[in-house]
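Start counting the sequence shown at 18; every next residue gets the next number (our numbering).
Using N, Cα and C, we set each Cβ at its ideal position, and we do this for glycine too.
Accompanying notes for the structure given below.
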Amino acid sequence: MQFTVLPVRGWPVSPMPGQAFLVRDNWDDYSFKTTFQLLCVDPGGEIREIGAVKIGRFGMAAPARTPLPEGFIGLDGAFFSLGLKDTYYDRLRELGPELQRTVLQALNDVSFDLELFSRARAESVTGTSLLRTVSADTVLGRFQDSGIPAGPSAAITDVTRRRLFDALRSSGASWPGSLDEVTFLRRLYDLDRLPSHDPRFATAEGDIVQHRYNNPEDWEDDWVFSDDRFGLADGSDEVLLRFLTEMIHPAVRTDSSEVERLLSLVNDTLAPDGYELVEARTVSGYPVYGARRIPARHRAAHPAPPAAVTSSPPGQGAYAAVRRAARGERKDYACPREPVPDGGQADVFEATHKTLGTRVALKKLHSKHPPERQVARMRREIEIGQLLDGHPHAMPILDFGADHTWFVMPWADATADQRQELLREPAELRALVDALASVLAAAHEHDWLHRDIKPSNILYFNGRWTLADWGIVRRPRGQTTKVGRTGLYIGTEGFAAPELSSTPHEATASSDIYSIGRVIAWALTGKLPETNLPLTPPPGPWRPIVRATTHLDPQRRPQTVNELLALIDREHADIPEDPLPAAETLLEAAGNGDSAAADTLLSLVGGHPEDYEIHVGVLARLDIQQAGPALERDPAQAHSLLRALAEHVHGDDTHMVQFGDAAAVVIWLRGICAYAADRCDWDLLEEAAHTMCTWDGAWDQWSAQDKIISWLRTLKSEAASLIAAVLREHPESAQHFSHLADDRTANPRIRQALRTSTAG
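Below you can see the structure in the form of C-alpha cells.
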C-alpha cells in the first residue's frame, strides 16, 4: 500500500485501489502536532475515512510537527503510531484482515506491536500527545484476542530475494540512481539512529562514508542488500518494497528507459510471491510507484533467471575505471589543441582517456616550466581532492602527475554560470547551497578554506552540485606556505571576502560563508557582485541570509557552516497560517447548513488550543444545531475543545475578556448542554457543563444565568443527577442559582446540590 501525506484539509485527487492518504491535522497537544486523518482506498476504488491517528517519532521534542516523508510504503523504525478511537480500528477491520494488517504494520501501530509500545512509552511525545486521550491499558488490550498474527509479513521468500538481488546486480544499474548512497538511504532510514559496524563511528552514516566514500574498495557496490541494518534480505515485505519503489522514484532515477527496465525486472521477480509495483501518483508528470498485492489467481510461477539488463555504463562506473587505470602518465589522455575558455591560472582541456574512451577534464599549468608558486597551488588542489575523495559534493581527482603540474577529473555537465536562470527556482538554489555547505563543512573540519567560491567553480556533475578549483585553498594553520607568496589579493573580486585582500592567511570559515552569500545574490539578481558593494536579492527569505553572510565585518557573519544552515532553516521556516480567516469562512458555511464545514471548523479550532479569538469569537457563534452534532460525532475532539475553551476563561496576554463575550460563551455552552441532555450524551453534557460553570463562576452574567435557570428547572433523572454533581464541584457558579434550592419545580437532586454548595 502506497501512503501519501496531504496538507491540512487536503483531499485525494484520482485515488486508486491500494493507496492510502494521511491528511495533516493542526491539532496541538501542548506544542506536539502529531495528528493525521487516515483515508484508505478500498479494492472498489471507494475512499474510506478511517479516522484520526497520531504518529510520533523517537527523539521528538516539543515544539514539533511529525516529519513524515511525502510518500512511503511503510514508516521506518523511527516512527510509531496510535489510533485515537475504537472506531479507527473498527473501520480498519472492515477493510479485511490483509489490508488491516498492512496498514497497522506500515504505520508501526503500537497497539499491534507491544514491544514497540514498551520502547515508545518513555518518549515525551507518547505521554503528551499519543496517550493524551487513550489509556495505556486500552493500548495493551486492543489486539489480545483479535486473532491477527503479529510480526512482520514474509510473503516475499528468501529465494525470491536472492533472485531479485542477483538480477539487480546483473542489470548494471546503480541502486542509489543519480544520488549518492547516503542521500538515497536518508530518504528511507534514519541513519543517525542506526548503529555503526565500525567501532570508530557512532552511527551508520559515519560507517558508510568511511567505507564507501573514503575507502570505496572496502565494500562491494551491492553491500546494502546484505547489510542487516537495512532489512532487505530478512526484513518485512514493506521494508523491501519501500526500497525498490524508491530506486525508481523520479527524484532518484531520471533515465525513463532505465526505470522501465528495472520496473519490469522487479515485477517479473516479485510476481510469484504476489506483489507488483504500479504507478500510484505523479510528480511533475513523472510516475511515482507503489506496491500492491496481486490476487492469487493472477500470480505467475517463478520465471527463469532474467537476462542482464543492458544499458550504457553509468558515469560513476566509467570514471572508476579511469581511476583504476591511473598511472600518472599524461600521455594516457588525448587533448585537443585549444583549452576551454577561461581556465584561470591553468588550462582545462576536454580530454579523452585513450584506452577507455572516457571523456574527462584535464587541468594543467600553462607553462612547461611553471613557477614554483603555481605548482604549489596545484599541489594543494590535488591534496584537498584526495582529502575529500568520496564526498558527494567534491569533484574527485582521478589521476595526476607526480610533478603536480596536471591532474584529471570527471567532465562536468555544466557550471553554475550556465545554469543561472535555473537557480532562480527556490528548490534548485537550495540544492546548490546545501551542496556547498556540505563539502565546506567537511573541509573546514580539517581547517581547510576554499577562498575562491564563485559560479565557475561550482560544477554540476552526475545529478548533483560539486565544488572544484581548490587551487588557492588555505591549508590548516601550521602547514601554510609563506604569507607573501600568494600576492596581495586572494580569490575572485566581488565574490571573495574583503579580508582576503589584506590578511588572506588570517581568514576563517566566515570568509567562505561570505562567498556563498555572494553566489546566492548573483543567482537571484543575475548581476555580478562588485568588490565591497552590497548586492542583495529582492525581498524574500534569501535577502536576510545574504545580508547576514556578506557583512564586511567577518565577526558579524555566521561563523560556521552549521550556523549558516540554521539561519537558512529559520528564514525558510513555514509561517504559521492565521486560522482566524479560515475559521470565519467555515462559520459562515456552517451557518448556511454545511455540516461538513462545521466538522472542519471544530477540527481547525481544535488545532489551535492556544488561540483565544477563534474559541471565544468564532466557536461560540457556531449554531447549536450544527455544533451539537459535530461535537457528538467526535467525543475526543469535543473533550479537548471544551477543555481549551475553559482555559480561556481569563483571556490571555493580548485579550481581555469582555462582559458581552463572557455572556455569549456561557449561553452557547448552555445550548450545548441542552443538546447533549436531549441526546442522552452524558460525556458531552458533563464536559460542557463543567466549562459552562467555569465561565459563569468567573463572570456572573445575569443574561446568561436567566437562560441557565430556566433550563435547570427542566432537568430530570440522569441529566439532573449529572448536573447536580457538576454544581457541587463549582460552588462559585452554584451560588448564582441558590434561590432554586427552595424552588419545588426544580429536581430534588439539583436543589440539594445547591444547598450543599452554598451552605458555607
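Nearest neighbour of residue i, chosen from the options [CA to CA]
i, options, result
"G624", "S31, P32, D45 and V25", "D45"
"T271", "F512, V305 and A615", "V305"
"F129", "L112, D107, F160 and L147", "F160"
"D416", "H410, E400 and D430", "E400"
"D116", "P593, T548 and D59", "Looking at the sequence itself, residue 116 is Leu, so the reference to Asp does not match. Of the listed residues, the one whose Cα sits closest to L116 is D59."
"K50", "R149, S31, N125 and S213", "R149"
"V683", "R535, P652, L373 and Q722", "Q722"
"H632", "I641, D640 and V622", "V622"
"G307", "Q642, D254 and T566", "D254"
"L39", "F53, E198, Y692 and A250", "F53"
"L196", "N579, P556, W482 and P575", "W482"
"A459", "Y230, L258 and W728", "Y230"
"A153", "S473, M18, G100 and D251", "G100"
"V256", "G94, H522, T671 and S191", "G94"
"P388", "D420, Y531, Y303 and T375", "D420"
"A647", "G634, A607 and G511", "A607"
"A526", "T553, S727 and V456", "V456"
"K371", "Y350, K380 and H383", "Y350"
The alpha helix (DSSP H) enclosing residue i, as first and last residue numbers
i, result
"Y105", "D103 to E111"
"T177", "D175 to S188"
"F134", "L131 to A137"
"Y692", "F676 to R696"
"R390", "E389 to L404"
"L205", "Unbroken run through L205: none, as it is neither H nor E."
"A460", "P443 to E462"
"F784", "In this structure the chain extends from 18 to 777, so residue 784 is not present and cannot be described."
"D154", "A153 to G158"
"P596", "P596 to G608"
"D235", "Note, D235: premise wrong, no alpha helix (DSSP H); not H, not E."
"S191", "First-last for S191: undefined, no H or E at that position."
"D616", "S612 to G623"
"H656", "P652 to E664"
"D224", "A221 to I225"
For residue i, the residue or residues it bridges with in DSSP
i, result
"V46", "Checking the sequence, you will find Asp at residue 46 rather than Val. DSSP, once it has assigned bridges, lists F49 as partnering D46."
"H370", "Y350"
"K860", "Outside the displayed span of the chain (18 to 777) sits residue 860, for which this structure offers no information."
"D416", "V425"
"T671", "For T671, which the question treats as bridged, DSSP gives no partner whatsoever."
"G307", "V295"
"Q117", "Beta-bridge pairing links Q117 to no other residue."
"V40", "L23 and Q54"
"R376", "T369"
"D126", "S98"
"A431", "Y477"
"A411", "L484"
The beta strand (DSSP E) enclosing residue i, as first and last residue numbers
i, result
"W423", "W423 to P427"
"E296", "Y292 to V300"
"R481", "R481 to L484"
"I475", "I475 to F478"
"T21", "Q19 to L23"
Residue-level contact to chain C via CB, residue i, 9 Å cutoff
i, result
"A444", "In the structure shown, chain C cannot be found, because there is only a single protein chain."
>> In chain order, what are the residue ranges of uninterrupted beta strand (DSSP E) at least 3 long that sit wholly in the segment 708-773?
In response: Correct list: empty.
> In chain order, which alpha helix (DSSP H) runs of at least 4 residues are fully inside the segment 506-583?
Replying inline: The qualifying runs are 526-542 and 559-566.
>> Which complete beta strand (DSSP E) runs does the segment 52-104 hold, if anything under 3 residues is left out?
In response: Those beta strand (DSSP E) runs which fall completely within the segment 52-104 and span 3+ residues are 52-58, 64-74 and 96-100.
> Does the segment 663-670 come within contact of the segment 602-622, defined as at least 3 CB pairs closer than 8 Å?
Replying inline: No, the segment 663-670 does not touch the segment 602-622.
> Does the count of Cβ pairs from the segment 709-726 and the segment 666-684 closer than 8 Å reach three?
Replying inline: Between the segment 709-726 and the segment 666-684 there are three or more inter-stretch CB-CB distances shorter than 8 Å, so the stretches are counted as touching.
>> Is it the case that the segment 427-445 contacts the segment 395-409, given that we only count it when at least three CB pairs across the two stretches are under 8 Å?
In response: Result no; under three Cβ-Cβ pairs closer than 8 Å.
>> Check whether the segment 736-756 and the segment 702-711 touch, using three or more Cβ-Cβ pairs below 8 Å as the test.
In response: Cβ pair count under 8 Å is three or more, so yes.
> Taking one C-beta from the segment 578-592 and one from the segment 535-555 each time, how about it: are there three or more such pairs within less than 8 Å?
Replying inline: Short answer: they don't touch.
> Okay, do the segment 69-81 and the segment 625-644 touch, 3+ Cβ pairs below 8 Å being the bar?
Replying inline: Counting C-beta pairs closer than 8 Å gives fewer than three between the segment 69-81 and the segment 625-644, which falls short of the contact rule.
> Do three or more CB pairs link the segment 272-286 to the segment 94-112 at distances below 8 Å?
Replying inline: Contact between the segment 272-286 and the segment 94-112 is absent, with fewer than three C-beta pairs closer than 8 Å.
>> Does the contact criterion of 3 or more C-beta pairs under 8 Å hold for the segment 594-607 versus the segment 545-555?
In response: With a cut-off of 8 Å, the segment 545-555 and the segment 594-607 do not count as touching, because too few Cβ pairs lie within range.
> Would you call the segment 20-39 and the segment 85-102 touching, i.e. three or more CB-CB distances under 8 Å?
Replying inline: Contact between the segment 20-39 and the segment 85-102 is present, because at least three Cβ pairs lie under 8 Å.
> Would you call the segment 224-240 and the segment 138-148 in contact, with 3 or more CB pairs under 8 Å?
Replying inline: Counting C-beta pairs with one atom in each stretch, the segment 224-240 and the segment 138-148 have fewer than three that are closer than 8 Å, which means they do not touch.
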